[in-house]
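**Q** Per the working numbering, the very first residue in the sequence shown carries number 5; after that it's consecutive. C-beta atoms are modelled at their ideal positions from N, C-alpha and C, and glycine is treated no differently. In this text the structure is predicted, and so the values were computed from the model without any measurement.
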Amino acid sequence: MMTSSISPLLPIVYADEVVAAKARGAPIVALESTIITHGMPFPGNLDMARSVEHIVRQNGAVPATIAVIEGVLHIGLEPAQIAALAEMRDVMKLSRADIAFALAERRTGATTVAATMIAAARAGISVFATGGIGGVHRGAEESFDISADLEELARTAVIVVSAGPKAILDIPKTLEVLETRGVPVVSFDSEEFPAFWSRSSGLKSPLTLPSPAAIANFQRMREQLGIAGGMLIANPVPLEAEIPREEMEIYIGRALASAEREEITGKEVTPFLLDTIFHMTGGRSLKTNIALVENNARLAAEIAVAMNA
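1. Assuming the contact rule is C-beta atoms closer than 8 Å, G342 and V22 should be a hit. Round their C-beta distance to whole Å, please.
2. Using DSSP with H/G/I as helix, E/B as strand and the rest coil, what is I10?
3. Quick one: residues in its chain with C-beta nearer than 6 Å to the C-beta of V190, no 5 flanking neighbours on either side, listed in chain order?
4. Is the beta carbon of T112 less than 7 Å from the beta carbon of T38?
5. So what's V165 in DSSP terms, helix, strand or just coil?
6. Since R159 and A199 are thought to touch, with beta carbons under 8 Å apart, how far apart are those beta carbons, to the nearest angstrom?
7. Per DSSP, A108 is paired with what?
8. How many Å lie between V297 and G234 at the Cα?
9. Buried or exposed: which applies to M44, given that a residue is buried once 16 or more other Cβ atoms fall within 10 Å of its Cβ?
10. Which residue from V66, P67, Q85 puts its Cα closest to that of I73?
11. Taking buried to mean at least 16 other C-beta atoms within 10 Å of its own C-beta, is S209 buried or exposed?
12. At a threshold of 6 Å, does A127 count as lining the ligand NAD (C-beta to nearest heavy atom)?
13. Compute the Euclidean distance between the alpha carbons of A263 and P216, then round it to the nearest angstrom.
14. What are the boundary residues of the alpha helix (DSSP H) that R126 is part of?
15. Please name the residue in D149, Q228, T274 whose C-alpha comes closest to that of T321.
16. Drop a sphere of 10 angstroms on the beta-carbon of E36, count the other beta-carbons inside from all chains shown, and report buried for 16 or more, exposed for fewer.
17. What are the start and end residues of the alpha helix (DSSP H) that includes K291?
18. Using 8 Å as the Cβ pair cut-off and three pairs as the minimum, do the region 46-57 and the region 140-147 touch?
19. Can you give the Cα-Cα distance for S151 and V164, rounded to whole angstroms?
20. Spatial neighbours of I307 within its chain, please: CB distance less than 8 Å, with the 5 preceding and 5 following residues excluded, ordered by chain position.
21. On a CA-only basis, which of L303, E195, N299 is nearest E244? Give me that one, please.
22. Might you give, ordered along the chain, the residues of its own chain that have their beta carbon closer than 8 Å to the beta carbon of V309, omitting 5 neighbours on each side?
23. Is the separation between the beta-carbon of L179 and that of H141 shorter than 7 Å?
24. Does the distance from the C-beta atom of V241 to that of A167 stay below 7 Å?
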């Protein structure tokens, strides 16, 4: 059963659990859906989606998985909808450029970091947990391939909890763009900036904070100053789950070469690279991916609770 709130111009539906949370002023954590449809194979994607929602609830917040289903923006999904989404094929991968297209054309699409931020802000949700953000792709000086996630972080006031940019990207250039756009980049309880599957990218973190309460306080101060835009929280993958950076660089180099040979471009690059690395690592990268998403969900829930205090 869903509770609807549909305007004449924007078809948007809130799950009952989200409606109840908003009514009582409870903390809510937004979750993306691209990680379900494009991030990992079935049934691991379904298990991960269920686990992440459970972790958010365990830590005192309400999960709101976001997706567009047949032209309706859903803020929170029922269990049956998540199960159906996990098995769907040919689902659109929605970012800022095409989320409105999917709504207008009554399509079904999964939200990337940028699209999830847009929807979360529209729904009044200020904290969002994901795996890794998009960023500046390696070779972007020739391809100009830069994720819309970076621009969204600069303009939309949502705290994004991730394990850093996906390690397949050019992390130094990604950090440079975020700095230029005025986006705070905060590593949680670590002086080193993480690299998705690995706890360190070899780079010092721009900023470090030791607790969810400190992160919430930082965001409140930004709001008091009238500073627009979001904040990126980089949460290192748990030590027992990480794959060392030196090892990952070997796999990433091989996967990038394969993508170039097969002329993979645009939105297909990231799913192709992740799938290639999954096979190269014998599935280890997927296990690490799941561990870091769960870890980020836990921290995001704690931040949402602290923001609500």
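**A** Walking through what the data contain:
1. The shown model of the chain, from 5 to 313, leaves out residue 342, and the question about it has no answer.
2. Note that I10 has pLDDT 49, beneath the 50 cutoff, so the model's placement of it is unreliable and no number is given.
3. L211, L213, I237
4. no
5. strand
6. With a Cβ gap of about 25 Å, R159 and A199 do not count as contacting.
7. Answer is none; A108 lacks a bridge partner.
8. 19 Å
9. buried
10. Q85
11. buried
12. The ligand NAD is not among the ligands present in this structure, which contains no ligands whatsoever.
13. 39 Å
14. 117-126
15. Residue coverage of the chain in this structure runs from 5 to 313, which leaves residue 321 outside it and unanswerable.
16. buried
17. 288-312
18. no
19. 15 Å
20. V131, I163, V165, P216, I219, A220, I237
21. N299
22. P31, N63, G64, A65, P216
23. no
24. yes
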